[in-house]
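To keep things clear, I will list the structure first and then write my remarks on it.
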Amino acid sequence: AHLDRIELVEPQLNAFITVSAEAAMQQAADADARRAAGEVLGPLAGVPIAVKDIVVTDGIQTTAGSKILENWVPPYDATIVEKIKAAGLPILGKTNLDEFAMGSSTEHSAYGNTRNPWDLDRIPGGSGGGSAAAVGAYEAPLAIGTDTGGSIRQPASVTGTVGVKPTYGGVSRYGLIAMASSLDQAGPVTRTVLDSALLHEVIGGYDHRDSTSLDAPVGELVAAARSGAAGDLRGVRIGVVKELTGEGYQDGVASSFNQALDLLRTAGAEIREVSCPNFPLALSAYYLIMPSEASSNLAKFDGMRFGLRVEPESGPVTAERVMAATRGAGFGDEVKRRIILGTYALSAGYYDAYYGSAQKVRTLIQRDFLAAFGDVDVLVSPTAPTTAFKFGEKLDDPLAMYLNDVATIPANLAGVPGMSLPSGLSDDGLPVGFQILAPVKADDRLYRVGAALE
Ligand code: GLN
Numbered sequence: 001a002h003l004d005r006i007e008l009v010e011p012q013l014n015a016f017i018t019v020s021a022e023a024a025m026q027q028a029a030d031a032d033a034r035r036a037a038g039e040v041l042g043p044l045a046g047v048p049i050a051v052k053d054i055v056v057t058d059g060i061q062t063t064a065g066s067k068i069l070e071n072w073v074p075p076y077d078a079t080i081v082e083k084i085k086a087a088g089l090p091i092l093g094k095t096n097l098d099e100f101a102m103g104s105s106t107e108h109s110a111y112g113n114t115r116n117p118w119d120l121d122r123i124p125g126g127s128g129g130g131s132a133a134a135v136g137a138y139e140a141p142l143a144i145g146t147d148t149g150g151s152i153r154q155p156a157s158v159t160g161t162v163g164v165k166p167t168y169g170g171v172s173r174y175g176l177i178a179m180a181s182s183l184d185q186a187g188p189v190t191r192t193v194l195d196s197a198l199l200h201e202v203i204g205g206y207d208h209r210d211s212t213s214l215d216a217p218v219g220e221l222v223a224a225a226r227s228g229a230a231g232d233l234r235g236v237r238i239g240v241v242k243e244l245t246g247e248g249y250q251d252g253v254a255s256s257f258n259q260a261l262d263l264l265r266t267a268g269a270e271i272r273e274v275s276c277p278n279f280p281l282a283l284s285a286y287y288l289i290m291p292s293e294a295s296s297n298l299a300k301f302d303g304m305r306f307g308l309r310v311e312p313e314s315g316p317v318t319a320e321r322v323m324a325a326t327r328g329a330g331f332g333d334e335v336k337r338r339i340i341l342g343t344y345a346l347s348a349g350y351y352d353a354y355y356g357s358a359q360k361v362r363t364l365i366q367r368d369f370l371a372a373f374g375d376v377d378v379l380v381s382p383t384a385p386t387t388a389f390k391f392g393e394k395l396d397d398p399l400a401m402y403l404n405d406v407a408t409i410p411a412n413l414a415g416v417p418g419m420s421l422p423s424g425l426s427d428d429g430l431p432v433g434f435q436i437l438a439p440v441k442a443d444d445r446l447y448r449v450g451a452a453l454e
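Residue numbers (the working numbering): 1 to 454.
This is how it looks when you write it as C-alpha cells:
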C-alpha cells in the first residue's frame, strides 16, 4: 500500500531519491517468514520505513544529496540500518535532503526540491525534508532523519510530523556520512509520539563501532510515551526558554505555542520562564564549529577513493588537479561555502579567534542547560521561528536560511535530546512545531511530555 502511495504522489512531492521497492517486498516477506518460523519479532516488524539518503545502505545507492556520490552503492549497512533490518522493518527507499545535510529547505539537494505536502509551493524544511514529507504525505509511516543543527526537528515542525533528536551518543553514528561529527545524531520522524518511541528503541543503544557511543541503556521510551498519553503531568516542571520566544517568531507560531502551554498547564504541569542567556550566541558558534568539522569530514571526497571522478579539462592529470576538478564539479554552492568557512576558521592565525571562541561559547551553552535543568525537568520553545516558507524565499540569503535553526541548534551544541511535535496550525493554515528539550540521557521525558500534549 505504501509503495502504491509513493507511486501516486512522488511525481508531485519528490520526497525520495531512490525507491527500493523490490528489496522492501523481499524484506516484508522475510519478516513474515521469520514470524512463521516462530521467531518473536518486535512491535514494528513488517512496518515499512524510509531512510534519509545520508545513512549508508548495503546495495542501495546512497548519495547524501550530492552529485559527488551519484550512483555510489555502499558495501555495508549503517548500524541503525542493521538494527532496522533485524527488527523486520522493510526499507521503502532513501529520502531527499540538502546536500550533505547542509540546509533548512532541501533546496540545496542535487536531486531537485522536495515539496511540502501541506502546500506544494512551500519547502518541507531541511535538511531532512524528504523524510518529513514522506511521513507527512503517508508515503511512509516511519522515517529516519539526522539532526546536526535541527534537520530532524525543523522539517517535522513545518510538515506537521513528530521528529526526535536523541541524546548525542544515544544512537550509533556508524554508517552516517559525517557532516559535523560532534553534532550529528540520527533519530525518528513519525506521525505520533508513540511511533517515535517505538522506533527510537529499535535504533538506540551502544555500538562499539562508534567511539562516541554512550554505554547506557536506551531507556523506557515506549513506557514513557504510554504514561504521558494518560495526560497527567502533575509534578512536572516545564521551563519556557525566554531567549527562544518573542521577537522574530511569527504571530501564528507564538499563538500556537501559547495554546500548547495552556494544554500542558491543564494537564497539571508547572510552567515557568527560564533564561538561558548564552542561547543567542548559539547560531554564530554553530556556523563556525559545523563548517570546521565538515571541511575536515568532506576532505575524503577526493575523486580517488569513491564516487565521482573528473579529470582536468586540459593540462597534466595530477592528483591535486583531479581533486580540484572533481570537487569543483561535484559539490554544490552551499557545500563549497561551508568548506571555505570551515577551512578559514581552522587556519593558523584565525583558529583561536574563530574556532577556539566558538568552542568556548559551546561550553557556555552547556552550562546554561545545566543551570536550567537544575530548576525544571524539560525546556520548551517553538521549534522554528516561522511556518514553511516559499521556494526561493531564502535561497540567495544564507543568513536568512541559517536563522531557521535558531531554536534547534542549542541542543546539538550541548548534546541534549530534543523533540518537535505538532501544536496545531498557524493562522496561515500551516503546521507549527512545539519543541521539548530534556537533559542528556533523559530522552524519556520528551516522550512523556510529548505524548501528554498530543
Ligand atoms: N539547517 C542546519 C544547517 O544547515 C542544520 C542541518 C542539519 O541538522 N543537518 O546546518
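Note that beta-carbon positions come from the ideal geometry of N, C-alpha and C, so glycine has one too.
Check whether residue i and residue j have beta carbons under 8 angstroms apart
i	j	result
Ala-132	Gly-93	no
Val-171	Gly-204	yes
Ala-285	Val-406	no
Val-253	Pro-382	yes
Phe-100	Leu-346	no
Asp-184	Thr-159	no
Ala-45	Ala-87	yes
Pro-479	Thr-386	This structure gives no information on residue 479, because the portion of the chain shown stretches from 1 to 454.
Gly-103	Lys-52	no
Leu-199	Ala-186	no
Asp-443	Leu-214	no
Gln-61	Thr-106	no
Thr-167	Gly-415	yes
Gly-450	Leu-421	yes
Leu-97	Gly-130	yes
Ala-50	Ala-110	no
Gly-150	Tyr-447	no
Lys-67	Gly-328	no
Trp-72	Gly-307	yes
Glu-270	Arg-237	yes
Ala-31	Leu-41	yes
Phe-279	Asp-397	no
Ala-260	Ala-225	no
Thr-63	Pro-74	no
Ala-384	Asn-404	yes
Asn-14	Gly-112	yes
CB-CB length for residue i against residue j, believed under 8 angstroms
i	j	result
His-2	Pro-48	5 angstroms
Leu-288	Tyr-206	No, Leu-288 and Tyr-206 are not in contact; Cβ-Cβ is about 31 angstroms, not under 8 angstroms.
Gly-303	Ala-267	The Cβ separation is near 56 angstroms, so there is no contact.
Val-55	Ile-80	7 angstroms
Arg-153	Thr-408	5 angstroms
Thr-326	Arg-337	No, Thr-326 and Arg-337 are not in contact; Cβ-Cβ is about 18 angstroms, not under 8 angstroms.
Ala-294	Met-179	5 angstroms
Ala-134	Thr-95	6 angstroms
Leu-283	Tyr-402	6 angstroms
Thr-161	Arg-191	6 angstroms
Burial state of residue i, where buried means 16 or more other Cβ atoms lie within 10 Å
i	result
Asp-377	buried
Gly-392	exposed
Glu-453	Note that residue 453 corresponds to Leu in the displayed sequence, not to Glu. When all chains shown are included, Leu-453 counts as buried.
Ile-340	exposed
Arg-265	exposed
Lys-441	buried
Pro-155	buried
Pro-410	buried
Val-189	buried
Gln-12	exposed
Ser-256	buried
Ser-423	buried
Arg-272	exposed
Thr-318	exposed
Gly-59	exposed
Asn-258	exposed
Asp-195	buried
Leu-120	exposed
Arg-445	buried
Met-489	Outside the modelled stretch of the chain, which goes from 1 to 454, sits residue 489, for which no answer is possible.
Gly-126	buried
Ala-348	exposed
Test: residue i CB closer than 8 angstroms to a CB of chain B
i	result
Leu-341	The structure shown has no chain B; it contains just one protein chain.
| query | Which parts of the region 396-442 are runs of the alpha helix (DSSP H), unbroken and 4 residues or longer, counting only runs that do not cross its ends? | reply | Within the region 396-442, the complete alpha helix (DSSP H) segments of 4 residues or longer fall at 398-402, 409-414, listed in chain order.
| message | Which runs of the beta strand (DSSP E) at least 3 residues long sit entirely within the region 98-161? Give them in chain order. | response | Taken in chain order, the complete beta strand (DSSP E) segments of 3 or more residues contained in the region 98-161 are 142-146.
| query | Going along the chain, which unbroken runs of the beta strand (DSSP E) with 3 or more residues stay wholly within the region 314-393? | reply | As summarised for the region 314-393, the continuous beta strand (DSSP E) elements at least 3 residues long and confined to that stretch are 378-382, given in chain order.
| request: Would you list, in sequence order, the uninterrupted alpha helix (DSSP H) runs of no fewer than 4 residues that lie entirely inside the region 181-221? | output: Taken in chain order, the complete alpha helix (DSSP H) segments of 4 residues or longer contained in the region 181-221 are 193-203.
| field | In chain order, each alpha helix (DSSP H) run of at least 4 residues that lies wholly inside the region 18-49 | value | Unbroken alpha helix (DSSP H) runs of no fewer than 4 residues, entirely contained in the region 18-49, are found at 21-36, following chain order.
| What alpha helix (DSSP H) runs, 4 residues minimum, are completely inside the region 267-314? | 282-297, all fully within the region 267-314.
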